Amino acid sequence: MAVLPKSVYFLTLQFVLLLNLAVGIKLEDVINENGIDEETTLTASDFARAPEKEFNLTLLGIQIKSDPTMGNMTEGDIALPNFKGFIDYRNSRLERSAVRQFYRRWPNGEIPYAISSRYGPYSRSVIAKAMQKFHDISCVRFVPRVRNQHNDYLYIMPHDGCYSLVGRAGGSQPVSLEADCIQSGTIIHELMHAIGFFMNNPGTIIII
């Protein structure tokens, strides 16, 4: 019986372990493409299920870009709400790495949010993991949106790649996280934009 070289053995073992991890979730656990889009919020169970080791989503057939934040929006993953947003963006971006307008900041470091019901349990747990990182190391708090209390809030949804607006834009503010964006590092990056930070290199301006 032939004996596999150690390097081949460990590569094979690693692949089998990753495959076993992926078998534990289905595509519907990431995003339900046929689901109804309704506003929900994360639960204590979502935070409790936050994975220490995240799944390799490519094993589910999800194509992950080398840099998911490089999309078709401004600076790759930054969208603008209107022409005034464009002016604010240019003024802020030329001077510093964060928004300077008072009305673009979130009061008291609290950021209300809602999350699309199309996200499956795995995605919800990874989004919860990303939010918890902010809670652990900063004074920023993502709080569930209350309809009669929060008019301005983030709406996290699978729309068109990975993108966010920068700072508080008013009303229901999109943060797009499609299936290939469901990695805690990518989610943290988009939430940083939503808080009010820029971070990328200038690109083509797209006003939505």
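What the sequence shown shows, in mature numbering (1 follows the signal peptide of the UniProt record, and there is no 0), is residues -24 to -1, 1 to 184, in sequence order.
The C-beta atom is built at its ideal place from N, Cα and C for all residues, glycine as well.
Small disclaimer: the values here were computed from a predicted structure and weren't measured.
Whole-number beta carbon distance between residue j and residue i, since they are thought to touch under 8 Å
i: Leu18; j: Ala104; result: 5 Å
i: Pro88; j: Tyr129; result: 4 Å
i: Asp22; j: Ser114; result: Not a contact, Cβ separation roughly 20 Å.
i: Glu9; j: Gln159; result: Not confirmed; about 19 Å, so no contact.
Sub-7 Å separation of residue i and residue j beta-carbons
i: Glu15; j: Ala106; result: no
i: Gly143; j: Gly161; result: no
i: Ser140; j: Ala170; result: yes
i: Ile7; j: Ala155; result: yes
i: Ile164; j: Lys109; result: yes
i: Phe174; j: Ser92; result: no
Residues sharing a beta bridge with residue i, DSSP
i: Met168; result: Answer is none; Met168 lacks a bridge partner.
i: Gln108; result: Note: Gln108 sits in no beta bridge, so no partner.
i: Ser92; result: Glu15
i: Ile132; result: Ile91 and Val151
i: Glu30; result: Bridge partners of Glu30: none, in fact.
As assigned by DSSP and simplified to three states, the class of residue i
i: Arg80; result: helix
i: Glu100; result: Reading off the sequence shown, one finds Arg at residue 100, where the question assumed Glu. Residue state, collapsed to three classes: helix.
i: Asp64; result: Confidence is the limiting factor: at Asp64 the pLDDT is only 49, short of 50, which leaves the residue's position unreliable, though a coordinate-based value still follows. Correct three-state label for Asp64: helix.
i: Ser42; result: coil
i: Cys115; result: coil
i: Ile7; result: strand
heavy atom of the ligand ATP below 6 Å from residue i C-beta
i: Ala145; result: Questions concerning the ligand ATP fall outside what the structure shown contains, since it holds no ligand whatsoever.
Checklist entry - Touch check for the stretch 112 to 132 and the stretch 31 to 45: three-plus C-beta pairs under 8 Å? => result By the C-beta criterion, the stretch 112 to 132 is judged not to be in contact with the stretch 31 to 45, since fewer than 3 inter-stretch pairs fall below 8 Å.
Item to check | Any 3 or more C-beta pairs closer than 8 Å across the stretch 135 to 151 and the stretch 94 to 102 | outcome: By the criterion of at least three beta-carbon pairs nearer than 8 Å, the stretch 135 to 151 is not in contact with the stretch 94 to 102.
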